[in-house]
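To convert, take the position in the sequence shown, counting from 1, and add 35; that gives my numbering.
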Amino acid sequence: MGYEVLDVKPVTRRIGAEVFGIDLGKPLSNRQTAELREALARHQVLFFRDQEMDHDAHKSFGRLFGELAIHSAIPGIEGHPEIVAIHADAESKFVAGENWHSDLTCDPEPPLGSILYMRVVPDSGGDTVFASMYDAYDSLSEKMKVYLEGLEAVHDANPVYQRLFPDLDRKYNRSIHPVIRTHPVTGKKLVFVNPSYTTHIVGLPDDESEAILKFLYVHCMNPNYQVRFRWRPNSVAFWDNRCTWHQAIWDYFPDTRSGFRVTVAGDKPF
């Protein structure tokens, strides 16, 4: 599919593209939406510059791609439960997403994707790095692909959020998903484990599970599968959570980095 109304420029040959010629603060045409769907499927994460969106426009943009999901662990902002504030400053003890992960794979139906709108960013630092799990899968040996096919892994949010919020007596989601997932749109296979949520491969002894997961994590962190986005004020990143990892780099303390995120609901991995 060619692009008739959008200007889509790949950032790397494997993952990521910048999109020009669109105002996300205004209603989009059917053609613009269709081309964005195509671009997301092709590039896995899309970047937009110089955008102005209020909360309603942010939610309306997300709903073009599916129902909006309510975060299963962190409350939304007042009046907009679908929107999570992403904020760090001199008082922060941690930042959201500073370890490699895919969002909320602990959920029975992990998100399709997320749309992060950053309004305030430091003069330098605060980048987000994304990694392609398509390429991580494709570069595995054929024997390793055969070994991993059919295995399932536990994705558990409790070790993550009980560490961050030890004062809350709450249980978080825990789900089992295939180690190798098939993308529901592209039909491509990809690695679907991540260091933040995946705790164990079902049916394997602890030492074997730990060794396989460690191998996969190191393998998936290969810089050849990555794109790094340098934020500017009023930038937007829209990533396909089903086939990517991401990591927020916290190298800007004590400066402020602040914005908002909506999440598009997904489906059960297969």
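Ideal Cβ positions, reconstructed from N, Cα and C, are used throughout, including at glycine. Keep in mind the model is a prediction, meaning the values are calculated, not measured.
{"Item": "Can you tell me which of the three DSSP states Asp311 falls into?", "Value": "Here the chain covers residues 36 to 305 and nothing more, so residue 311 does not appear."}
{"Item": "Sort out for me which residues DSSP pairs Trp274 with in a bridge.", "Value": "Val80 and Ser149"}
{"Item": "Residues in the same chain with beta-carbon distance under 6 Å from Pro145, minus the five sequence neighbours each way, listed in chain order, please.", "Value": "Leu139 and Gly301"}
{"Item": "Would you kindly work out how many angstroms separate the C-alpha atoms of Glu243 and Val220, rounded to a whole number?", "Value": "32 Å"}
{"Item": "Report the start-end ranges of each beta strand (DSSP E) in the region 143-223 that is 3 residues or longer and not cut off at the edges.", "Value": "148-155, 163-167, 187-191, 209-213 and 215-217"}
{"Item": "Where does the unbroken beta strand (DSSP E) through Ile247 begin, and where does it stop?", "Value": "Premise fails: Ile247 lies in the alpha helix (DSSP H), Asp241 to Cys255, not in any beta strand (DSSP E)."}
{"Item": "Below 8 Å, can you find three or more Cβ-Cβ pairs linking the region 230-245 to the region 146-165?", "Value": "no"}
{"Item": "Once DSSP output is grouped into helix, strand and coil, what is the label at Leu225?", "Value": "strand"}
{"Item": "Name the one or two DSSP bridge partners that Gln261 has.", "Value": "Ala166"}
{"Item": "Could you tell me the boundaries of the beta strand (DSSP E) in which Phe96 lies?", "Value": "From DSSP, Phe96 is part of no beta strand (DSSP E) but of the alpha helix (DSSP H) over His90 to Arg98."}
{"Item": "Measuring alpha carbon to alpha carbon, tell me which of Tyr172, His93 and Ala125 ends up nearest Ser270.", "Value": "His93"}
{"Item": "Please look up how many angstroms separate the CB atoms of Val156 and Arg267, rounded, as I've assumed it's under 8 Å.", "Value": "6 Å"}
{"Item": "Would a C-beta distance cut-off of 8 Å place Lys61 and Ala52 closer than the cut-off?", "Value": "no"}
{"Item": "To the nearest angstrom, how far is the alpha carbon of Leu99 from that of Ser107?", "Value": "21 Å"}
{"Item": "Once DSSP output is grouped into helix, strand and coil, what is the label at Thr298?", "Value": "strand"}
{"Item": "One question on the structure: do Phe129 and Leu199 come within less than 8 Å of each other, judged by their Cβ atoms?", "Value": "yes"}
{"Item": "Can you tell me which of Val189, Asn259, Ser159 and Asp58 puts its alpha carbon nearest to the alpha carbon of Phe82?", "Value": "Asp58"}
{"Item": "Find out if the Cβ-Cβ distance for the pair Tyr182, Tyr196 is shorter than 8 Å.", "Value": "no"}
{"Item": "When burial is assigned at 16 or more other CB atoms within 10 Å of the CB, is Arg216 buried or exposed?", "Value": "buried"}
{"Item": "Tell me whether the region 169-186 and the region 247-264 touch, counting them as touching only if at least three CB pairs, one residue from each stretch, are closer than 8 Å.", "Value": "yes"}
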